[in-house]
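Q: Got a structure for you, questions after.
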Amino acid sequence: MRIVILGPPGAGKGTQAKLLACNYNIAHIATGDILRQAVAERSYTGEKVASYIMRGYLVPDEIIMELIRETLKKNNLVRSDFILDGIPRTISQLKDLQEFLTQQNSNLELAIYIKLRDEEILRRLGGRRVCPSCGNNYHIIFSPPVEENLCNYCRIELKHRQDDKEDAIKQRLEEYENKTYPCIQYYKKEGILEEVDGEGSIEEVFARVNKIVLERFKR
Ligand code: AMP
74 MRIVILGPPG
84 AGKGTQAKLL
94 ACNYNIAHIA
104 TGDILRQAVA
114 ERSYTGEKVA
124 SYIMRGYLVP
134 DEIIMELIRE
144 TLKKNNLVRS
154 DFILDGIPRT
164 ISQLKDLQEF
174 LTQQNSNLEL
184 AIYIKLRDEE
194 ILRRLGGRRV
204 CPSCGNNYHI
214 IFSPPVEENL
224 CNYCRIELKH
234 RQDDKEDAIK
244 QRLEEYENKT
254 YPCIQYYKKE
264 GILEEVDGEG
274 SIEEVFARVN
284 KIVLERFKR
């Protein structure tokens, strides 16, 4: 089961990808998480990418492709089951990824596109809070933590991601429209795309996503 999950920022890609990974016991590879970790560790890559992320710009393709190739090669993940979340975000990444997978005798079998209206995207991103330790997402209105602003699991203070602030959100949406949406059209032409309505609760969206996975992989 080799899946890629796509959609606008705030559509719930990360949440749904984590649920799928957990449900089917497969690897979840999220480029955003890998990059945020690099920034937190102040590694060489982290220092290079921090300002792009904070301002809502895409990180250069070469940096992302090196990270993803390295991650997929580790433990021979490339030929096992995985879900990619946050990549590809440009046609150049899509083509490089395809080439890399082919070289490694692997391929993508399914692209899930989570659709969401602009109004709902803004509402979700504005209220999103993240645990800096475990990465769990909350929303101040729709899924608040049990105790105000504290992670339910780590009990540390939740953060408002710098790139979930207004100017960065605008930039991320622009990057999405101009550079990432063409990837969705590309997978549609290739015949591996399935669309999912991203409105509703996490459980409702997961039921839709899971139905597609069950049908595609006949589990
Ligand atoms: P995400 O957590 O997936 O929303 O990603 C957060 C930020 O990380 C994005 O706004 C980009 O700045 C950067 N990023 C993540 N994945 C990619 C990618 N595949 N290509 C370029 N930039 C990326």
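The opening residue of the sequence shown carries number 74 in the working numbering; numbering runs sequentially from there.
Ideal Cβ positions, reconstructed from N, Cα and C, are used throughout, including at glycine.
Return the residue from the list ILE214, ARG196, SER206 and LYS243 that minimises the CA-CA distance to LEU231.
A: Nearest of ILE214, ARG196, SER206 and LYS243 to LEU231, Cα basis: SER206.
Q: For ILE126, is the beta carbon positioned less than 8 angstroms from some heavy atom of the ligand AMP?
A: Yes, the ligand AMP has a heavy atom inside 8 angstroms of this Cβ.
Q: At which residues does the beta strand (DSSP E) containing LEU79 begin and terminate?
A: Run containing LEU79: 75 to 79, per the beta strand (DSSP E) assignment.
Q: Do GLU272 and LEU189 have their C-beta atoms closer together than 9 angstroms?
A: Yes, the pair counts as a contact, with Cβ atoms nearer than the cut-off.
Q: Quick test of your reading: GLN177 and VAL203, contact by CB under 8 angstroms. State the CB separation rounded to the nearest angstrom.
A: About 32 angstroms separates the two Cβ atoms, so there is no contact after all.
Q: Classify GLU139 as helix, strand or coil using the three-state DSSP reduction.
A: Three-state result, GLU139: helix.
Q: Please confirm if the region 136 to 152 is in contact with the region 101 to 118, defined as three or more CB-CB distances below 8 angstroms between the two stretches.
A: Short answer: they touch.
Q: In angstroms with no decimal places, state the Cα-to-Cα distance between PRO161 and ARG228.
A: Distance between the alpha carbons of PRO161 and ARG228 is about 33 angstroms.
Q: Give me the Cα-Cα distance between TYR226 and PRO218, rounded to the nearest whole angstrom.
A: Taking the straight line joining both Cα atoms gives about 10 angstroms.
Q: Assuming contact is defined by CB atoms lying nearer than 9 angstroms, are ILE299 and LEU93 in contact in what I supplied?
A: In the structure as shown, the chain starts at 74 and stops at 292, and residue 299 therefore has no counterpart that could be examined.
Q: Taking DSSP as the reference, what is the three-state secondary structure of GLU230?
A: Three-state result, GLU230: strand.
Q: Check the C-beta distance from VAL77 over to LEU145 and give it rounded, since I have them as a contact under 8 angstroms.
A: Not really, about 12 angstroms apart at Cβ, beyond 8 angstroms.
Q: Can you list, in chain order, the stretches of the beta strand (DSSP E) that have 3 or more residues and sit fully within the region 182 to 234?
A: Listed in chain order, the complete beta strand (DSSP E) runs (minimum 3 residues) inside the region 182 to 234 are 183 to 188, 201 to 203 and 210 to 212.
Q: Hey, quick one: how far does the alpha helix (DSSP H) through ASP106 stretch, first residue to last?
A: Note, ASP106: alpha helix (DSSP H), 104 to 113.
Q: Rounded to the nearest angstrom, how far is the Cβ of ASP191 from that of SER165, given a contact under 8 angstroms?
A: Not really, about 26 angstroms apart at Cβ, beyond 8 angstroms.
Q: Please confirm whether any heavy atom of the ligand AMP lies closer than 8 angstroms to the CB of LYS86.
A: Result yes, Cβ under 8 angstroms from the ligand AMP.
Q: Under DSSP, the beta strand (DSSP E) around TYR150 begins and ends at which residues?
A: What sits at residue 150 in the sequence shown is Leu, not Tyr. From DSSP, LEU150 is part of no beta strand (DSSP E); its letter is neither H nor E.
Q: If I'm right that VAL286 touches VAL269 with Cβ under 8 angstroms, what's the distance once you round it to whole angstroms?
A: Contact doesn't hold; Cβ gap of about 10 angstroms is too wide.
Q: At the level of alpha carbons, what is the spacing between HIS233 and LYS86?
A: C-alpha separation (whole angstroms): 18 angstroms.
Q: Flag this pair as yes or no: are the beta carbons of LEU183 and ILE265 separated by less than 9 angstroms?
A: In contact: LEU183 and ILE265 (Cβ atoms closer than 9 angstroms).
Q: Could you check if ARG115 belongs to the surroundings of the ligand SAH, using beta carbon to heavy atom distance under 8 angstroms?
A: Looking at this structure, you won't find the ligand SAH anywhere; what it does contain is the ligand AMP.
Q: Inspect the beta-carbon positions of ILE187 and GLY80 and report whether they are closer than 9 angstroms.
A: In this structure, GLY80 lies closer than 9 angstroms to ILE187 by Cβ.
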